[in-house]
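This report concerns only the one structure given below.
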Amino acid sequence: MAQRVQGTEDLFGSYMQRWLEVQDLARELFGRYGYEAIETPAIEQVDTFVHGIGESSDVVRKEMFRVMSGALLERSFEEGGEQNLKARQRLALRPEGTAGIVRAVVEHDLVPQGAAPVKVYYAAPMFRGERPQKGRLRQFHQLGVEAMGAPDASLDAELIVMLMEFFEALGFPHESLKLRINSMGDDTCRPAYRDLLSEFLHTLEAELCDDCRERANINPLRCFDCKNEGCQTIMSEAPLLRESLCDECSAHYEELKGYLDSAGVAYEEDPRLVRGLDYYMRTVFEIDALGAESVGAIGGGGRYDGLAELEGGRHTPGVGFALGFERIELALAELGLVREQNKPAPIFIALAASDLKSEAFRLAQELRAEKHYVEMDYQGRSLKSQFKLADKLGARYVIVLGPDELAAGQVMLRDMKSHEQRSVMRSELIHELS
Ligand code: HAM
Numbered sequence: 001m002a003q004r005v006q007g008t009e010d011l012f013g014s015y016m017q018r019w020l021e022v023q024d025l026a027r028e029l030f031g032r033y034g035y036e037a038i039e040t041p042a043i044e045q046v047d048t049f050v051h052g053i054g055e056s057s058d059v060v061r062k063e064m065f066r067v068m069s070g071a072l073l074e075r076s077f078e079e080g081g082e083q084n085l086k087a088r089q090r091l092a093l094r095p096e097g098t099a100g101i102v103r104a105v106v107e108h109d110l111v112p113q114g115a116a117p118v119k120v121y122y123a124a125p126m127f128r129g130e131r132p133q134k135g136r137l138r139q140f141h142q143l144g145v146e147a148m149g150a151p152d153a154s155l156d157a158e159l160i161v162m163l164m165e166f167f168e169a170l171g172f173p174h175e176s177l178k179l180r181i182n183s184m185g186d187d188t189c190r191p192a193y194r195d196l197l198s199e200f201l202h203t204l205e206a207e208l209c210d211d212c213r214e215r216a217n218i219n220p221l222r223c224f225d226c227k228n229e230g231c232q233t234i235m236s237e238a239p240l241l242r243e244s245l246c247d248e249c250s251a252h253y254e255e256l257k258g259y260l261d262s263a264g265v266a267y268e269e270d271p272r273l274v275r276g277l278d279y280y281m282r283t284v285f286e287i288d289a290l291g292a293e294s295v296g297a298i299g300g301g302g303r304y305d306g307l308a309e310l311e312g313g314r315h316t317p318g319v320g321f322a323l324g325f326e327r328i329e330l331a332l333a334e335l336g337l338v339r340e341q342n343k344p345a346p347i348f349i350a351l352a353a354s355d356l357k358s359e360a361f362r363l364a365q366e367l368r369a370e371k372h373y374v375e376m377d378y379q380g381r382s383l384k385s386q387f388k389l390a391d392k393l394g395a396r397y398v399i400v401l402g403p404d405e406l407a408a409g410q411v412m413l414r415d416m417k418s419h420e421q422r423s424v425m426r427s428e429l430i431h432e433l434s
């Protein structure tokens with residue numbers, strides 16, 4: 001039997017319904033904050049991700065799925081490998097949404113000089129070649145927003161407030177949400193801090209894990225994310241960026257906290273929060289569901305003021321977040337908060353004789369034209385099993401078509417809640433049901 005790829009999921013039934021419900025909630029809530037939907041391609045040039053997410057990040061180095069047509073694969077073997085391909089031929093499945101959206105904003109000049117910020121949201125599958133485990137898929141669904149065109153901390157605060165409101169709308173109680181925030185500094189203060197941290201790590205090189213020894217050279221801040229206990233102990237003693245922030249970054253961070261305080265949003269300052277994508281500067285944040293931490297962060301984001309330039313555009317500051325649909329559902333299940341889906345209740349048309357099928361077909365179309373949800377039997381079941389099926393589908397009413405009743409211009413209408421049954425004139429049926 002053919003099987004789905006490990007670390008991917010099929011979305012159907014109530015799970016698919018929930019994904020649609022989550023998107024509806026997003027459209028409604030994010031719409032109130034001025035966010036419009038956007039969709040960018042699932043494949044982009046590798047460079048789009050390398051520029052922003054960073055050559056040295058795990059996402060780019062290890063997790064990005066490369067895409068190649070069969071013909072190109074053959075040719076690249078013959079011609080000596082990938083390095084001979086042109087940039088436009090080196091493609092990848094997007095591991096996240098931000099880089100592609102910034103590419104689109106630059107390409108279509110969606111934030112002309114002096115214009116108000118553009119605010120967009122997306123709901124789309126992302127792909128990362130990670131080792132599949134609980135809360136970690138190779139194809140997962142993100143719901144994210146990006147606001148581009150203003151460096152002001154009020155924009156960061158606004159979208160964090162919106163995100164927390166969204167989590168509550170999804171069913172997370174206020175007290176189950178833990179928001180952590182930090183500042184990653186900017187090009188003025190981060191380079192000096194990087195050197196400081198790198199120096200600190202080199203003095204302890206022998207005690208670091210292999211990965212961190214490498215990170216100490218190429219991207220020392222990533223060592224804060226290492227899961228190795230020895231490294232964590234070392235990092236608990238490491239100098240913190242917070243103590244090296246320049247005046248502008250400090251002021252931006254203080255402003256952000258001020259806005260969050262005034263909105264009544266609780267947060268924890270986490271000076272070791274660094275996030276895995278290189279494009280971040282200043283604000284970064286992550287959200288965990290308390291009691292379901294084992295699924296991993298349910299959402300995260302931050303500011304990326306230099307990304308548009310890295311994608312070849314003019315300076316366009318930006319900030320955004322993304323949350324993982326599958327992790328949200330896992331976390332809600334772990335907290336025992338999964339809600340029953342409200343399924344729509346159909347009107348079921350049952351036949352007392354099989355030669356009334358075309359009559360039933362006609363009636364179904366008439367009712368659907370009036371916006372009713374209508375079901376009927378397609379398999380020649382007995383009247384008794386048709387009632388069973390109607391029950392299973394949660395039908396609100398069953399219309400029974402019988403030869404004698406129809407001859408008298410009537411049908412039988414059964415209310416499945418009260419179990420009352422009565423004759424209704426066929427000509428009055430639509431009116432009756434509305
Ligand atoms: P991220 O933290 O890499 O950020 O991913 C955001 C969310 O996607 C995570 O908090 C998690 O819920 C979900 N997620 C990530 N990887 C997986 C996985 N392998 N399996 C299941 N769920 C996963 C970003 O992607 C940034 N683009 C967010 C952002 C937008 N920053 C600024 N704007």
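Residues in the sequence shown are numbered from 1 upward in steps of one, following our numbering.
Backbone N, C-alpha and C define an ideal beta-carbon position, used for all residues, glycine too.
Quantities reported herein were computed from a predicted structural model and do not represent experimental measurements.
Beta carbon proximity, residue i to chain E, threshold 9 Å
i, result
"phenylalanine 285", "Of the chains in the structure shown, none is chain E; there is only one protein chain."
Contacts around residue i, its chain only, beta-carbon distance under 8 Å, and the 5 residues preceding and following it disregarded
i, result
"tyrosine 279", "Gly52, Ile53, Gly54, Thr98, Ala99, Tyr304, Gly306, Leu307 and Leu310"
"methionine 235", "Cys223, Phe224, Cys226 and Arg272"
"glycine 276", "Ser57, Asp58, Val59, Arg222 and Asp225"
"arginine 18", "Glu329 and Gln341"
"glutamate 268", "Lys178, Leu179, Arg180 and Ile181"
"proline 344", "Tyr373"
"glutamate 36", "Lys119, Val120 and Tyr121"
"valine 50", "Val60"
"alanine 370", "This sequence places glutamate at residue 370; alanine is not what is there. Closer than 8 Å at the Cβ level, and outside the excluded window around glutamate 370, lie Ile430, Leu433 and Ser434."
"glycine 185", "Tyr193, Leu241, Ser244, Leu245, Cys246, Cys249, Met281 and Arg282"
"glycine 34", "Lys119"
CB-CB length for residue i against residue j, believed under 8 Å
i, j, result
"leucine 143", "alanine 297", "That belief does not hold up - the Cβ atoms of leucine 143 and alanine 297 are roughly 14 Å apart, past 8 Å."
"methionine 416", "glycine 402", "18 Å between Cβ atoms; not a contact."
"phenylalanine 30", "methionine 162", "7 Å"
"glutamate 335", "glycine 291", "A quick correction: the sequence has leucine, not glutamate, at residue 335. Right, their Cβ atoms sit about 5 Å apart."
"proline 220", "leucine 201", "6 Å"
"glutamate 130", "glutamate 44", "Not confirmed; about 19 Å, so no contact."
"threonine 8", "arginine 138", "6 Å"
"serine 325", "valine 22", "Reading off the sequence, residue 325 comes out as phenylalanine, not serine. Right, the Cβ-Cβ distance comes to about 6 Å (below 8 Å), so this counts as a contact."
"leucine 170", "leucine 25", "7 Å"
"glycine 313", "valine 46", "18 Å between Cβ atoms; not a contact."
"arginine 327", "valine 295", "5 Å"
"leucine 356", "leucine 389", "Their Cβ separation, rounded to whole angstroms, is 17 Å, which puts leucine 356 and leucine 389 out of contact at 8 Å."
"glycine 380", "serine 354", "6 Å"
Sequence-distant residues of its chain with Cβ nearer than 6 Å to residue i (five each side left out)
i, result
"tyrosine 253", "Ser183"
"leucine 351", "Ala360 and Leu401"
"leucine 73", "none"
"arginine 66", "Ala92"
"isoleucine 218", "Ser56"
"valine 102", "Leu307, Ala308 and Glu311"
Close beta carbons around residue i, own chain, < 7 Å, minus the five adjacent residues each side
i, result
"valine 374", "Pro346, Ile347, Ile349, Ala364, Leu367 and Arg368"
"cysteine 231", "Leu208, Cys209, Cys212 and Cys223"
"alanine 147", "Pro117, Lys119, Leu155, Leu159, Gly318, Val319 and Gly320"
"isoleucine 189", "Looking at the sequence provided, one finds cysteine at residue 189 rather than isoleucine. Here the set comprises Ser244, Leu245, Cys246 and Cys249."
"tyrosine 259", "Ala153, Ser154 and Ala157"
"arginine 414", "Tyr397, Val398, Val400 and Gln421"
"glycine 394", "Lys343 and Ala345"
"methionine 425", "Gly409 and Gln410"
"arginine 88", "Gln45"
Per DSSP, the bridge partner or partners of residue i
i, result
"aspartate 415", "Tyr397"
"phenylalanine 321", "Val145 and Gly301"
"tyrosine 122", "Gly144"
"glutamate 268", "Arg180"
"valine 67", "Leu91"
"methionine 425", "Gln410"
"glutamate 17", "It should be pointed out that residue 17 corresponds to glutamine in this sequence rather than to glutamate. DSSP output for glutamine 17 lists no bridge partner at all."
"glycine 288", "It is worth fixing the name first, because residue 288 is aspartate in this sequence and not glycine. Paired residue(s): Lys178."
"phenylalanine 127", "Gln139"
"glutamine 45", "Leu91"
"glutamine 133", "Arg136"
"threonine 283", "Ser183"
"glutamate 36", "Val120"
Could you tell me whether the region 283 to 293 touches the region 174 to 182, where touching means 3 or more Cβ pairs closer than 8 Å? In this structure the region 283 to 293 touches the region 174 to 182; the number of beta carbon pairs closer than 8 Å is three or more.
Kindly confirm or deny that the region 108 to 115 and the region 77 to 97 touch, where touching means at least three C-beta pairs closer than 8 Å. Per the Cβ contact rule, the region 108 to 115 is not in contact with the region 77 to 97 (fewer than 3 Cβ pairs under 8 Å).
Inter-stretch contact (C-beta, 8 Å, three-pair minimum) for the region 260 to 268 and the region 238 to 249: In this structure the region 260 to 268 does not lie against the region 238 to 249, because fewer than three pairs of beta carbons, one per stretch, are closer than 8 Å.
Three or more C-beta pairs below 8 Å linking the region 316 to 330 and the region 143 to 154: Segments in contact, yes.
At 3 residues or longer, what runs of the beta strand (DSSP E) sit wholly inside the region 325 to 390? Fully enclosed beta strand (DSSP E) runs of 3 or longer: 347 to 351 and 374 to 376.
What are the complete beta strand (DSSP E) segments, minimum 3 residues, inside the region 158 to 236? Runs of the beta strand (DSSP E) inside the region 158 to 236: 177 to 183.
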